[in-house]
Amino acid sequence: MKKVIFVIWHVSGKGGTETVLRTVTQLLQQKCDQYQPQIYVLGGTEDKTWLDNIKSDSSPFIKNKFVRAVPYFFWLSSYIKREKPDIVVGLSPMICQMLHFIKKMNIGNFPIISWMHFSLNANHMKKEWLLKANHHFAISTGIKDQLEKLGISDSKIHTIYNPVQRINETVPRPSEETVFLYIGRITFEGQKRLKDLLSALAMIKGRWRLEVIGDGEDISLCKHYAEQLSINQQIIWHGWQQDPWLIVSEATALVLTSSYEGFGMVLAEAISRGIYCVSSDCEVGPNDIIEPGINGILYDVGELNVLQRILQDIVNGKALPEQERMKKTLERFYLENYKDNFISALNTVVNSYRYQN
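Just so we're aligned: the sequence shown equals residues 1 to 357 in UniProt numbering.
Here it is as structure tokens:
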């Protein structure tokens with residue numbers, strides 16, 4: 001078996017990237033006899049439960065971002081030297097840069113794969129460091145396009161998307177009122193732009209309710225803004241939940257107002273349960289998942305009048321697509337198909353690297 005090490009920066013343990021990484025390592029552990037996965041977390045993780053039953057290790061956390069790169073580099077070097085991996089997957093540009101220098105020091109001979117989970121145009125990203133990787137896994141066609149614009153050959157980019165669990169149950173649509181869902185990290189403006197959703201809802205006429213599942217640094221600001229708009233009585237703030245879908249008993253539509261994503265996992269999770277989705281057409285990911293008129297609708301980022309009109313149409317009783325048909329639009333993302341695509345991409349990397357060396 002070939003050893004595959006996934007290297008990631010310090011994480012909370014509650015994010016979407018951790019969920020995807022856990023799913024992928026479990027797929028390789030349980031359903032693949034070619035690859036042995038393990039995870040190394042530079043700076044550790046706040047919540048360790050996502051690493052349960054997964055072979056993993058971590059370095060201590062250093063808060064000062066101006067000095068931590070050097071010790072992180074040496075800790076990673078020592079780990080690579082000890083573990084002798086066949087493949088290393090870096091989940092950030094700096095990790096790919098570190099791995100490149102580790103190889104220059106003759107500590108191992110392995111292909112480096114970049115695996116980015118956000119738009120390459122996100123703030124402060126040194127995307128040119130991705131050029132140090134031998135191959136690249138893209139979780140959306142948007143990220144694939146961004147990698148190509150860096151000058152990376154199409155033959156070195158493998159669009160694998162993200163894994164989605166096939167769900168047998170379907171979340172019912174309420175009959176008495178419209179129920180909108182927001183699930184995710186709460187930022188007033190910034191990436192998630194919850195302000196846009198609240199502003200649009202304030203203009204809606206008719207019976208509606210918003211259920212917000214998630215937490216974040218701006219939750220107090222969002223609640224205050226909802227009070228200013230006189231809509232707080234129509235909003236339920238559930239806070240962060242280990243499994244948000246356990247408390248979703250009914251829903252008309254899920255809304256995502258982001259300025260950027262990497263994939264938009266919550267959209268796929270919603271559609272897999274038969275929930276119609278309204279999403280900004282942001283960089284990158286939503287337009288890989290949303291098929292307008294089939295499982296949801298897209299609007300341009302920040303276009304509040306368009307968002308308001310879409311939400312008003314739903315409240316007014318617009319006919320939504322048949323739920324089972326919506327669920328079938330995700331076939332390429334479901335675990336059984338995703339696993340085959342991921343392993344095929346790993347095989348291509350291994351064979352290409354063997355040929356080059």
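Backbone N, C-alpha and C fix where the C-beta goes; we use that ideal spot for every residue, glycine too.
- DSSP, reduced to helix, strand and coil, places HIS124 outside both helices and strands of the structure shown, so it counts as coil.
- Around LEU131, the same chain offers LEU150, GLY151, ILE152 as residues with beta carbons nearer than 8 Å, after the five sequence neighbours per side are excluded.
- Straight through space, the alpha carbons of ILE310 and THR252 are spaced by roughly 13 Å.
- Residue environment: HIS117 is assigned as buried (16 or more neighbouring CB atoms within 10 Å of its CB, all protein chains considered).
- PHE188 is classed as buried because its beta carbon has at least 16 other beta carbons within 10 Å across all chains shown.
- Taking 8 Å as the cut-off, the beta carbon of SER272 is found closer than this to the beta carbon of VAL164.
- Taking the CA atoms as reference points, ILE87 sits about 24 Å from PHE263.
- If you look at PRO93, you'll find it in the alpha helix (DSSP H) that goes 93-104.
- Here SER12 is not near ILE39, since their CB atoms are 8 Å or more apart.
- If you draw a straight line from the Cα of GLY190 to the Cα of ASP218, it is about 10 Å long.
- In the DSSP secondary-structure assignment, MET203 is not bridged to any residue.
- In this structure the stretch 4-24 touches the stretch 89-96; the number of beta carbon pairs closer than 8 Å is three or more.
- About 16 Å separates the CB atoms of GLN241 and ILE235; that is not less than 8 Å, and the two are not in contact.
- Here the C-alpha atom of ILE290 lies approximately 43 Å from the C-alpha atom of PHE74.
- Note on the UniProt domain "Glycosyl transferase family 1" (169-328): whole alpha helix (DSSP H) runs with a minimum of 4 residues are 194-201, 219-228, 265-271, 286-289, 304-315, 323-327, in chain order.
- Look at ALA138 here: in three-state DSSP terms it is strand.
- The beta carbon of ALA268 sits closer than 8 Å to those of ASN162, VAL164, ILE289, LEU330, PHE333, all from its chain and outside the five residues before and after it, given in chain order.
- In terms of Cβ geometry, CYS282 and SER249 do not form a close pair [threshold 8 Å].
- Shortest Cα-Cα distance from HIS238 to any of ASP33, LEU181, GLY285 involves LEU181.
- Just measuring C-alpha positions, the residue of ILE102, THR141, GLN97, GLY108 sitting nearest MET125 is GLN97.
- Here ARG166 has TYR334 as same chain residues with Cβ atoms under 6 Å from its own Cβ, once five neighbours each way along the sequence are excluded.
- Within the DSSP bridge table, the entry for PHE6 names ILE39, VAL89 as partners.
- According to DSSP, residue pairing for SER59 in a beta bridge does not occur.
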